[in-house]
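Right, dumping it as structure tokens:
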């Protein structure tokens with residue numbers, strides 16, 4: 220047996236320790252409180268494309284795919300800036316940029332919107348040495364998409380997106396005949412838009428409404444619904460995902476139900492909605508913005524590592 | 493035949509795609525944080541040699557291809573076909589120039605090579621990575637010139653032409669990398 224050794228070289232472990240200390244110092248200086256929420260919860264997520272690792276038992280436990288629901292339940296009682304820095308888990312995600320167990324930084328700012336939070340993400344990345352002095356580009360999802368594909372992601376017909384997606388995947392069009400709009404957008408953005416983004420730290424905001432997830436949807440002056448969601452890319456790799464958070468419990472319940480319906484249609488197990496989160500939203504989540512950032516990927520970029528295992532003490536799980 | 497899901501796609505796995513057997517070269521997992529996961533797969537069509545890049549939704553599957561690599565001995569060429577034999581079973585098969593392709597330049601009778609069989613019939617022939625072959629034709633060697641690094645073309649007994657150092661002569665045996673066609677060293681006889 221030879222794979223008992225650590226995956227990362229020692230210099231990566233030293234850099235990781237410095238990075239974690241740097242993140243904590245940044246938030247301590249800004250009076251953002253670290254909250255050590257559980258990784259094992261009684262509910263999982265309904266997200267169509269995120270699968271919880273389930274811990275057998277009666278009732279089963281769910282290793283959390285992010286600290287989001289716990290932090291929002293906390294915010295409904297203590298509306299103050301909070302962050303979590305620790306492990307998160309996603310079943311089946313394994314690749315150059317993915318490991319089923321990974322380190323996530325997630326934070327919430329009551330009374331802020333997504334624009335203000337983007338400024339703070341930029342300040343953090345500059346503080347940690349991942350962004351230079353020049354302001355980081357702020358791009359609009361629709362503009363990036365139109366520049367790369369000549370299609371408007373907000374208004375193009377489903378069939379136009381399916382045709383382009385099938386062509387990008389080099390698959391027969393018939394196999395994409397029934398694909399949901401959001402999946403076509405996922406494919407086209409990953410394969411055609413991301414490779415054209417500028418190097419360095421780049422913000423992309425105002426996602427199509429069908430990709431809102433937990434962000435609120437607003438209408439542009441032209442009447443087009445867009446999600447107040449942003450993503451951060453570092454050298455074209457997805458680094459962080461943020462929202463001006465949805466606080467409407469009824470709308471949240473509808474989205475959870477829609478997730479469940481789509482999971483069922485795709486033949487995936489349907490997970491019950493987290494009733495405690497919905498109860499917290501009903502009790503009153505303050506207006507807030509939140510963002511989650513992949514710490515392992517940030518470390519990869521700081522070290523120039525080609526694979527996530529090169530920055531993990533042990534790439535197991 | 494077994495069916496393989498994207499998470500089982502590993503380099504070297506043989507699968508059927510569009511009716512042709514393919515060998516997987518690379519499988520990259522791509523997933524937007526909140527979105528659908530995909531696998532970008534590079535594979536070689538074993539019939540045409542062309543490399544395809546296809547993107548699958550994670551969880552999609554392909555049927556396995558009945559493709560096996562067998563070490564066989566090259567026996568002889570009858571002018572049209574190359575004949576091979578499995579030493580243990582004495583089973584023989586033949587392949588034409590389309591299938592043998594570039595490997596013909598490196599095959600010497602009695603040498604072993606890998607024959608790729610698809611549904612039992614030869615699909616491709618791969619010579620060993622390194623072969624030792626005798627020089628059949630080359631300009632006379634320059635005695636003592638082992639340091640200048642100059643080269644000259646030499647035709648080997650199998651017909652392949654490789655660049656060799658100036659001091660080598662007809663009858664010398666050289667070691668060659670068949671993947672690059674490059675001279676590696678003089679072989680001990």
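Residue numbers (the working numbering), protein chains in the order written: chain A, 220 to 536; chain B, 493 to 681.
Beta carbons: idealized from backbone N, C-alpha and C, even for Gly.
This one's a predicted model, so the numbers in the text were calculated from it and none came from an experiment.
Alpha-carbon spacing of residue i relative to residue j, whole angstroms
i, j, result
"residue 228/A", "residue 314/A", "19 Å"
"residue 399/A", "residue 533/A", "37 Å"
"residue 464/A", "residue 509/A", "7 Å"
"residue 276/A", "residue 618/B", "53 Å"
"residue 676/B", "residue 666/B", "8 Å"
"residue 654/B", "residue 660/B", "12 Å"
"residue 297/A", "residue 323/A", "22 Å"
"residue 642/B", "residue 678/B", "15 Å"
"residue 528/A", "residue 662/B", "52 Å"
"residue 670/B", "residue 413/A", "39 Å"
"residue 542/B", "residue 536/B", "6 Å"
"residue 445/A", "residue 250/A", "32 Å"
"residue 496/A", "residue 293/A", "10 Å"
"residue 484/A", "residue 550/B", "16 Å"
"residue 509/B", "residue 325/A", "42 Å"
"residue 533/B", "residue 490/A", "31 Å"
"residue 239/A", "residue 471/A", "33 Å"
"residue 270/A", "residue 514/A", "20 Å"
Chain-ordered chain B contacts of residue i [CB-CB under 8 Å]
i, result
"residue 314/A", "520, 521, 522 and 523"
"residue 517/A", "Result: empty, since nearest Cβ-Cβ is about 14 Å, beyond 8 Å."
"residue 405/A", "524, 527, 528 and 530"
"residue 457/A", "524 and 525"
"residue 317/A", "521 and 523"
Beta-carbon neighbours of residue i, restricted to chain B and to distances below 9 Å
i, result
"residue 460/A", "524, 525 and 526"
"residue 389/A", "544, 545, 546 and 547"
"residue 358/A", "Correct list: empty, because the minimum Cβ distance to chain B is about 16 Å."
8 Å Cβ cut-off: residues of chain A touching residue i
i, result
"residue 529/B", "268, 311 and 312"
Minimum Cβ-Cβ distance from residue i to chain B less than 9 Å
i, result
"residue 255/A", "no"
"residue 521/A", "no"
"residue 333/A", "no"
"residue 401/A", "yes"
"residue 409/A", "yes"
"residue 511/A", "yes"
"residue 325/A", "no"
"residue 450/A", "yes"
Chain C contact for residue i (CB, 9 Å cutoff)
i, result
"residue 424/A", "The question asks about chain C, but that chain is absent: this structure's protein chains are A and B."
Interface residues of chain B facing residue i [CB-CB closer than 7 Å]
i, result
"residue 527/A", "None at all; the shortest Cβ gap to chain B is about 11 Å."
"residue 432/A", "526"
"residue 475/A", "Going along chain B, no residue has its Cβ under 7 Å from residue 475/A, so there is no contact; the nearest lies around 14 Å."
Proximity below 9 Å, CB of residue i to CB of residue j
i, j, result
"residue 429/A", "residue 401/A", "yes"
"residue 345/A", "residue 336/A", "no"
"residue 518/A", "residue 524/A", "yes"
"residue 565/B", "residue 602/B", "yes"
"residue 342/A", "residue 522/A", "no"
"residue 501/B", "residue 409/A", "no"
"residue 673/B", "residue 596/B", "no"
"residue 319/A", "residue 252/A", "no"
"residue 517/B", "residue 608/B", "no"
"residue 256/A", "residue 286/A", "yes"
Contact with chain A by residue i, beta-carbon distance below 9 Å
i, result
"residue 536/B", "no"
"residue 532/B", "yes"
"residue 550/B", "yes"
"residue 499/B", "yes"
Cβ pair count under 8 Å reaching 3, the segment 361-378 of chain A against the segment 324-333 of chain A: Counting Cβ pairs under 8 Å, fewer than three are found: no touch.
Inter-stretch contact (C-beta, 8 Å, three-pair minimum) for the segment 385-395 of chain A and the segment 439-453 of chain A: no
Stretch-stretch touch, CB-based, cutoff 8 Å, three pairs: the segment 554-563 of chain B with the segment 493-500 of chain B: yes
Cβ contact (3+ pairs, closer than 8 Å) linking the segment 495-510 of chain A and the segment 503-523 of chain B: no
Three-pair Cβ contact test at 8 Å for the segment 565-572 of chain B versus the segment 434-443 of chain A: no
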